[in-house]
Structures are given as structure tokens and as C-alpha cells.
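> I'd like to ask some things about the structure below.
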Amino acid sequence: MPDERWETDPQKMAALMLGIPGASVRELRATTDTNDLLIDTESGSVFCPGCGGPVERAGYELQELEPSSAGGKVTRVTWRRPRWRCPSSSCATETFSEQSAAIDAFNEQVSDANRRFPLRPAQSPPSDWRDHLEQ
Ligand SMILES: [Zn+2]
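Numbering (our numbering), first residue to last: 1 to 135.
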């Protein structure tokens, strides 16, 4: 029996160190003053918020999370946030973005920390992750 207490997937470990359980790091780009990460979250069972019915995938959008700091660099995390579509013709909901309690909690914790210890703004231009939207 493998020991379930320890995460061994390096991409999930990185996200766990960041403080986002259930997420995995898709790519890391280091600049001179930042570490830019693109993360995915695991989608559980997603249902339409309008009718409660099953939904279909409708791609992704990029959402920037609160920047934090680690090791003298600013950590900039972008979430590849899933979009969903309701196929029911009688439902008013067409598409919607996935909700994640882990992402919400991360943003709250980091913005709280940034209020107490303001971040020095990063000079490097943000990473462009748009080429990751399609897969
Ligand atoms: Zn619906």
C-alpha cells in the first residue's frame, strides 16, 4: 500500500507548496524578479448553476491570482480556469466559469498577507499563457 499522506506528483507538490490543494502546476517560467506559474485545478462533478443538469466543457479562461512573494521573488500565479456550457435548451444559463474554494481561499490569504506586508512590484512583464488555452 502506498502511503497516501504524501503527495509524490511534482506538479501537485508545487501547487501544494504554493498553498492551493488539488491544483497542479502546468508550467513555470522564471524571470529575473518573478516566478510565473500556470496552474490547473481538478474539476469535480460540475453541474449547471441554473438547472442543476449536466454540463459540457467550453474551454478555459486565464485568471490571475493574487501575487505573493517567495525567496526574494514575486510569485505570479495564473489559473487556467475551466468554462462550462449547459446543453439544455430550456435553461437560461449558457456558459459559466468553474468555482474553486481552494482558489478563493488562496486569494483571500494572500491578499490579507499583502495588506500587512506590501509586495514590491515586479518589473518583468507578465507571462503570456494564451497558447495554453486550447488544450
Ligand atoms: Zn442549465
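All C-beta atoms, glycine included, are put in the ideal place defined by N, C-alpha and C.
1. Compare the C-alpha of Glu-61 against each of Gly-50, Arg-83, Phe-47 and name the closest.
2. Using 8 Å as the threshold, is the C-beta distance between Ile-39 and Val-74 below it?
3. Measuring alpha carbon to alpha carbon, tell me which of Pro-54, Val-46, Pro-49, Leu-65 ends up nearest Asn-114.
4. Any residue with its C-beta under 7 Å from a non-hydrogen atom of ligand 1 counts. Can you list them all in chain order?
5. Between which two residues does the beta strand (DSSP E) holding Ser-97 run?
6. Which partner residues of Thr-75 appear in the DSSP bridge assignment?
7. Below 8 Å, can you find three or more Cβ-Cβ pairs linking the region 26-39 to the region 111-131?
8. Helix or strand or just coil, what does DSSP make of Val-137?
With the given structure in hand:
1. Numbered from 1 along the sequence shown, position 61 holds the residue referred to as residue 61. Of the listed residues, the one whose Cα sits closest to Glu-61 is Arg-83.
2. For the purposes of this step, residue 39 is taken as residue 39 along the sequence shown, with counting starting at 1. For the purposes of this step, residue 74 is taken as residue 74 along the sequence shown, with counting starting at 1. With a cutoff of 8 Å on beta-carbon distance, Ile-39 and Val-74 are scored as not near each other.
3. Position 114 of the sequence shown, counted from the start, is the residue given in the question as residue 114. Considering only alpha carbons, the answer is Leu-65.
4. Those residues are Cys-48, Gly-50, Cys-51, Gly-53, Cys-86, Ser-88, Cys-91, Thr-93, given in chain order.
5. As a position in the sequence shown, residue 97 is number 97, starting the count at 1. Start and end: 95-97.
6. Numbered from its first residue, the sequence shown carries residue 75 at position 75. For Thr-75, DSSP records a beta bridge to Asn-35, Ser-68.
7. Result yes; three or more Cβ-Cβ pairs closer than 8 Å.
8. Within the shown structure, residues of the chain are numbered from 1 to 135, placing residue 137 beyond reach of any answer.
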